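Residue numbers (my numbering), protein chains in the order written: chain E, 2 to 330; chain L, 24 to 157.
First the structure, in the form of structure tokens, and then the observations on it.
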Amino acid sequence: MVELGKKVMAGDVRSASRLIRNIEDNLPGAKQEIRKIFPYTGKAHVVGLTGPPGAGKSTLTDELIRCFRRKGKTVGVLAVDPSSPFTGGAILGDRIRMQRHAEDPGVFVRSLATRGTMGGLSKAAGDAIHVMDAMGKDIVMVETVGIGQQEVEIIHHAHTVLVVLVPGMGDEIQAIKAGVMEIGDIFVINKAHREGAGKLFKEITAMLDMGPREPGAWRPPIVMVESVAEPHEFERCVDELSDKIEAHYQYLVNTNQLGDRQRRRSLAEINAAVRDAILETVLRRLVADGELDRMVEKALNKESDPYTLAEQVAERYLGGSKASMPVAE
Amino acid sequence: MSERKIRVMVAKPGLDGHDRGARVLARCFRDAGFEVIYTGCHQTPEQCASAAIQEDVDMLGLSCLSGAHRYLFPQVAKLLKEQGADDIVLVGGGIIPDQDFQPLYDAGFKAIFTPGTPLDTIVDWIKTNVKPRS
Ligand SMILES: Nc1nc2c(ncn2[C@@H]2O[C@H](COP(=O)(O)OP(=O)(O)O)[C@@H](O)[C@H]2O)c(=O)[nH]1
Ligand SMILES: [Mg+2]
Chain E
2 MVELGKKVMA GDVRSASRLI RNIEDNLPGA KQEIRKIFPY TGKAHVVGLT GPPGAGKSTL
62 TDELIRCFRR KGKTVGVLAV DPSSPFTGGA ILGDRIRMQR HAEDPGVFVR SLATRGTMGG
122 LSKAAGDAIH VMDAMGKDIV MVETVGIGQQ EVEIIHHAHT VLVVLVPGMG DEIQAIKAGV
182 MEIGDIFVIN KAHREGAGKL FKEITAMLDM GPREPGAWRP PIVMVESVAE PHEFERCVDE
242 LSDKIEAHYQ YLVNTNQLGD RQRRRSLAEI NAAVRDAILE TVLRRLVADG ELDRMVEKAL
302 NKESDPYTLA EQVAERYLGG SKASMPVAE
Chain L
24 MSERKIRVMV AKPGLDGHDR GARVLARCFR DAGFEVIYTG CHQTPEQCAS AAIQEDVDML
84 GLSCLSGAHR YLFPQVAKLL KEQGADDIVL VGGGIIPDQD FQPLYDAGFK AIFTPGTPLD
144 TIVDWIKTNV KPRS
């Protein structure tokens, strides 16, 4: 793993994909390479796409790639699909819809399996975004799993979130509304030729009307996208969508909110990294001195309980709440 | 603590549009615990090679039923080599006559599986011969 980070910054696809793999597999040294590229990240516009399976997220992503390429931008895509909880295997099928761009050196599509992570993304997604960013991709699109209400992890990573819906989902929309609807910066009604598109439009409008309205605040637009069976109409709609995506980024820049989103992202990343760093270190020690086994025994015998045991561990390894932190001179 | 997974790609170069077999294979690989990227039909050799590189797969399985494997399969091997990715294990499948095996091995293919090969045999071969790269 010699100098992967350096090669990534030179735009090398093979190294970039390898580094993402090393992060996914949690190989020793992978974090070190992320450390090297981190100072050079923060330039890409990260766009998230969420919405139920079959809504057309991958098909839209494919068409958006075309739009952004025509505008002269380079594009990275991370497409997340679920891992089987039984075998740990996964079928990553989003790529099928984007293969026409496979030979374009300005496009890099990488599939990720969730590997047990909840929330619609994989644990490696944040670093994979950094890798594509450091490669110099102007736009990084992230397609989430799309299982339903719990798909909110994407707001920690994206500047612009697209919620993709289709008419005729019946009551499903009610459930989705509760969680995912609040995170949308842009709503897409896909397959808008279908019956119920008008009704869905009204429902989303009503929901947006209920939300808080500060003067000058971004009002999430609702973009109707016609069937792929009408290529010209479809292209025109997705062109409009790509304009809206760029307008949202411009809005964030103009109103100084881009920094807020970056801050939100950094906070989520630090949270995750701190948890990892502490858990890994402490667990390794507990296992090594046999303490973990003794704790299990105590819980089994009802001598103690998991909360008390955890507090004792925190006290011992982290100095507890009473211990004072060393202060920098 | 590292968590290695075998990543494989199943691609169908050429013009035949029968991908039922490829889909069955993809599901079987998932059930064996692999991460499988499926690219669909009608792929050019260039698309197969660049997708395999973008996905950092350990193995690329090409399937072809139309007889065009003689040209298409070695072409993919050549493209991978040119891009420094000849460490990706290449496997061929489909209707491939015996006399074509040796030229494909010479081109860099490590195994050929013809219709009727039990799925377990293929999975076992992969588990033995394909390792996640580091
Ligand atoms: N009729 C119609 N079908 C579409 C449209 N967009 C996507 N599809 C189809 O819907 C299915 C699911 O699309 P896909 O993009 O994979 O959805 P995803 O699961 O949200 O990524 C595929 O069979 C697409 O061909 C559309 O605008 N109209
Ligand atoms: Mg998809």
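Here a beta-carbon is modelled for each residue, glycine too, at the ideal position from N, C-alpha and C.
On a predicted model such as this, the values are computed, not experimentally measured, just so you know.
Short Cβ contact (8 Å threshold) for residue i with residue j
| i | j | result |
| --- | --- | --- |
| V48 (chain E) | I246 (chain E) | yes |
| I155 (chain E) | G117 (chain E) | no |
| V14 (chain E) | G77 (chain E) | no |
| I187 (chain E) | T206 (chain E) | no |
| H158 (chain E) | I130 (chain E) | yes |
| A135 (chain E) | I21 (chain E) | no |
| V132 (chain E) | I190 (chain E) | no |
| G127 (chain E) | Q263 (chain E) | no |
| L113 (chain L) | A100 (chain L) | yes |
| T144 (chain L) | R96 (chain E) | no |
| E78 (chain L) | R111 (chain E) | yes |
Chain-ordered neighbours of residue i on chain L, where CB pairs are closer than 7 Å
| i | result |
| --- | --- |
| S123 (chain E) | Those within 7 Å of S123 (chain E) in chain L number zero; the least Cβ separation is about 11 Å. |
| Q258 (chain E) | Ordered by position in chain L, no residue passes the 7 Å Cβ test against Q258 (chain E), which lies about 33 Å from the chain. |
| A103 (chain E) | Q70, S73, A74 |
| L293 (chain E) | Ordered by position in chain L, no residue passes the 7 Å Cβ test against L293 (chain E), which lies about 14 Å from the chain. |
| L93 (chain E) | E58, V59, I60 |
| A114 (chain E) | E58 |
The beta strand (DSSP E) enclosing residue i, as first and last residue numbers
| i | result |
| --- | --- |
| D82 (chain E) | 76-82 |
| M208 (chain E) | Run containing M208 (chain E): none in the beta strand (DSSP E); it sits in the alpha helix (DSSP H), 198-211. |
| S86 (chain L) | 82-87 |
| H46 (chain E) | 46-51 |
| I246 (chain E) | It is not in any beta strand (DSSP E) - I246 (chain E) instead sits in the alpha helix (DSSP H) that spans 232-255. |
| A91 (chain E) | 91-93 |
| L113 (chain L) | 112-117 |
| L166 (chain E) | 161-166 |
| I187 (chain E) | 187-190 |
Which of helix, strand or coil DSSP assigns to residue i
| i | result |
| --- | --- |
| P327 (chain E) | With a pLDDT of only 47 at P327 (chain E), under 50, the local geometry of the prediction cannot be trusted, and no value is derived from it. |
| F136 (chain L) | strand |
| A114 (chain E) | strand |
| G320 (chain E) | coil |
| Q77 (chain L) | helix |
| P86 (chain E) | coil |
| T62 (chain L) | coil |
| E298 (chain E) | helix |
| A182 (chain L) | Because chain L spans 24 through 157 in this model, residue 182 (chain L) falls outside it and cannot be assessed. |
| L284 (chain E) | helix |
| V229 (chain E) | coil |
| T42 (chain E) | coil |
| V14 (chain E) | helix |
| V108 (chain E) | strand |
| V224 (chain E) | strand |
| V153 (chain E) | coil |
| M336 (chain E) | The question about residue 336 (chain E) has no answer here: the residues shown for chain E are numbered 2 through 330. |
| P68 (chain L) | helix |
| I24 (chain E) | helix |
| G6 (chain E) | helix |
| G40 (chain L) | coil |
| Q313 (chain E) | helix |
| R195 (chain E) | coil |
| Q33 (chain E) | helix |
| D261 (chain E) | helix |
Where the alpha helix (DSSP H) containing residue i begins and where it ends
| i | result |
| --- | --- |
| I130 (chain E) | 126-136 |
| P151 (chain L) | Reading the sequence as shown, one finds Thr at residue 151 (chain L) and not Pro. Segment 142-152, the alpha helix (DSSP H) holding T151 (chain L). |
| E144 (chain E) | Premise fails: E144 (chain E) lies in the beta strand (DSSP E), 140-144, not in any alpha helix (DSSP H). |
| A100 (chain L) | 92-105 |
| L184 (chain E) | Note that residue 184 (chain E) is Ile in the sequence shown here, rather than Leu. No alpha helix (DSSP H) holds I184 (chain E); DSSP gives it neither H nor E. |
| S123 (chain E) | No alpha helix (DSSP H) contains S123 (chain E), which DSSP labels as neither H nor E. |
| R71 (chain E) | 58-71 |
| Q122 (chain L) | Segment: none, Q122 (chain L) is in no alpha helix (DSSP H) and carries neither H nor E. |
Contacts of residue i in chain E (Cβ-Cβ under 7 Å)
| i | result |
| --- | --- |
| R27 (chain L) | D26 |
Residue i: contacting residues in chain E (beta-carbon distance under 8 Å)
| i | result |
| --- | --- |
| G107 (chain L) | R15 |
Under 8 Å by beta carbon: chain L residues contacting residue i
| i | result |
| --- | --- |
| F109 (chain E) | Q77 |
| R70 (chain E) | Correct list: empty, because the minimum Cβ distance to chain L is about 15 Å. |
| S18 (chain E) | I76, Q77, E78, D79 |
| Q100 (chain E) | T62, G63, Q66, Q70, A74 |
| I97 (chain E) | Y61, T62, G63 |
Residues from the region 58-81 of chain L in contact with chain E, defined by Cβ distance under 7 Å: E58, V59, I60, Y61, T62, G63, Q66, E69, Q70, S73, A74, I76, Q77, E78, D79
Residues in the region 73-89 of chain E with C-beta within 7 Å of chain L's C-beta atoms, listed in sequence order? S85, T88, G89
When you check each C-beta in the region 35-56 of chain L against every C-beta of chain E, which residues fall closer than 8 Å? A49, R50, F52, R53, D54, A55, G56
Name the residues in the region 234-252 of chain E whose C-beta lies less than 8 Å from a C-beta of chain L; which are they? none
Please identify, using Cβ separations under 7 Å, the residues of the region 256-282 of chain E that lie next to chain L, in order along the chain. none
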